[in-house]
Structures are given as structure tokens and as C-alpha cells.
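Trainee: Here it is: the structure, laid out below.
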Amino acid sequence: MRTKIFDAIIARLAAIPEFSGSGKVKRARTSAIRESQLPALTVTWAEHQETADIRPCSGPNGEDGYDRRLPIDVIAHFQTEEPDIEFDRIAVLVETALGQAIMLDGLVIELTLSESRSFIDRSTGIALGVGALTYVADYKTVAADPATAAH
Numbered sequence: 113m114r115t116k117i118f119d120a121i122i123a124r125l126a127a128i129p130e131f132s133g134s135g136k137v138k139r140a141r142t143s144a145i146r147e148s149q150l151p152a153l154t155v156t157w158a159e160h161q162e163t164a165d166i167r168p169c170s171g172p173n174g175e176d177g178y179d180r181r182l183p184i185d186v187i188a189h190f191q192t193e194e195p196d197i198e199f200d201r202i203a204v205l206v207e208t209a210l211g212q213a214i215m216l217d218g219l220v221i222e223l224t225l226s227e228s229r230s231f232i233d234r235s236t237g238i239a240l241g242v243g244a245l246t247y248v249a250d251y252k253t254v255a256a257d258p259a260t261a262a263h
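Add 112 to the 1-based position in the sequence shown for my numbering, that's all there is to it.
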């Protein structure tokens with residue numbers, strides 16, 4: 113289910129005209145982003161952990177399942193003279209795209225914004241050209257088959 117959730121989020125973000133180019137939206141990057149590709153978005157859960165609670169009899173045949181909470185960071189990478197303004201502009205685009213699909217076509221119970229933050233070098237106060245919006249995807253799976261949604 114996690115991959116389906118990530119794919120749905122990435123599809124919505126890649127539909128934003130500014131982020132529709134190749135490599136502009138990726139799940140967990142394996143190399144640095146070229147300056148020519150900025151602004152860009154990275155979707156990951158590397159900074160957080162998914163939690164799960166047992167839900168008895170939630171599968172189609174009465175199997176046990178899990179209520180899951182998956183924190184997902186949408187990391188914005190950008191270069192500008194006005195980093196706070198640029199991050200806010202990108203955040204509005206992301207929030208609009210994901211806010212129009214709170215249930216991700218039935219994959220999740222709810223996808224909600226949890227927090228936003230812009231990163232700076234703490235010793236100099238200089239903006240790093242990176243910000244993150246953290247969303248939480250609440251969803252259910254069958255315990256014996258985590259790829260199967262539960263009800």
C-alpha cells in the first residue's frame with residue numbers, strides 16, 4: 113500500500129505544471145538535483161516512522177488488520193533570493209494539489225498536512241533553499257497482506 117500511496121501523491125504533484133518535467137518530482141533521490149532542475153520536489157518518509165495499531169476483523173473475511181499512520185515529507189528544493197517567499201509559493205501549489213485529493217482515490221482514509229518547515233543554517237541564519245511539508249496518510253491494511261486495503 114505504501115508504494116501505491118506514494119505513486120498517487122507523486123502523480124498529483126507531477127501534474128502541477130511547474131513540476132511536470134522529467135526528474136522534477138521523485139521518490140527518494142539517489143543523486144543530487146542539478147541546478148537546472150530547480151525547483152524540484154522529493155517525496156519520502158525517511159525522516160519519520162510509520163505506526164500501526166491492530167484492528168481485529170477488518171479484512172474481507174474477518175482477518176485482523178492494522179490502522180496505519182504514514183508520515184510523508186514533500187521536500188521542496190529551490191534557489192532564489194527570497195527563500196521564504198519561494199517556499200511559501202511552492203507550499204501553496206503542493207497544498208492545493210494534495211488538498212484536492214484527501215482520500216487519494218480511496219487508497220487512504222485521509223491525507224492531512226501535519227507541519228511545514230523551512231531549513232536554515234543555524235550558525236549563519238542563511239536559508240538552505242529547502243523546505244518540507246509533512247503529510248500524514250491514515251490507512252488500513254490486512255495484517256497478513258499489507259498490500260491489501262482493509263475496511
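Note that the Cβ used here is the ideal one computed from N, Cα and C, for glycine as well.
This structure is a prediction, so every number in the text was calculated from the model and none was measured.
Pull up the CB-CB distance for V248 and G177, whole angstroms please, since I reckon it's below 8 Å.
Mentor: Their Cβ separation, rounded to whole angstroms, is 18 Å, which puts V248 and G177 out of contact at 8 Å.
Trainee: Report buried or exposed for M215, applying the criterion of at least 16 other Cβ atoms within 10 angstroms of its Cβ.
Mentor: exposed
Trainee: With DSSP as the reference, please indicate the residues paired to P168 in a beta bridge.
Mentor: None, per the DSSP bridge assignment.
Trainee: V254 bridges to which residues according to DSSP?
Mentor: Paired residue(s): G177 and D257.
Trainee: Using CA atoms only, rank isn't needed, just tell me which of P151, I117, A140 and I122 is closest to G241.
Mentor: P151
Trainee: Pairing CB atoms from the stretch 164-176 with CB atoms from the stretch 210-225, are three or more of them under 8 Å?
Mentor: no
Trainee: Using CA coordinates, which residue listed in A126, I117 and E193 is at the minimum distance from A239?
Mentor: E193
Trainee: Measure the Cβ-Cβ separation of L219 and A261 and say whether it is below 9 Å.
Mentor: yes
Trainee: Hey, how far is the Cα of T142 from the Cα of P168?
Mentor: Going from the Cα of T142 to the Cα of P168 covers about 39 Å.
Trainee: How far does the beta strand (DSSP E) with I232 in it reach, from first residue to last?
Mentor: E222 to I232
Trainee: In or out: A158 buried (at least 16 other Cβ within 10 Å) or exposed?
Mentor: exposed
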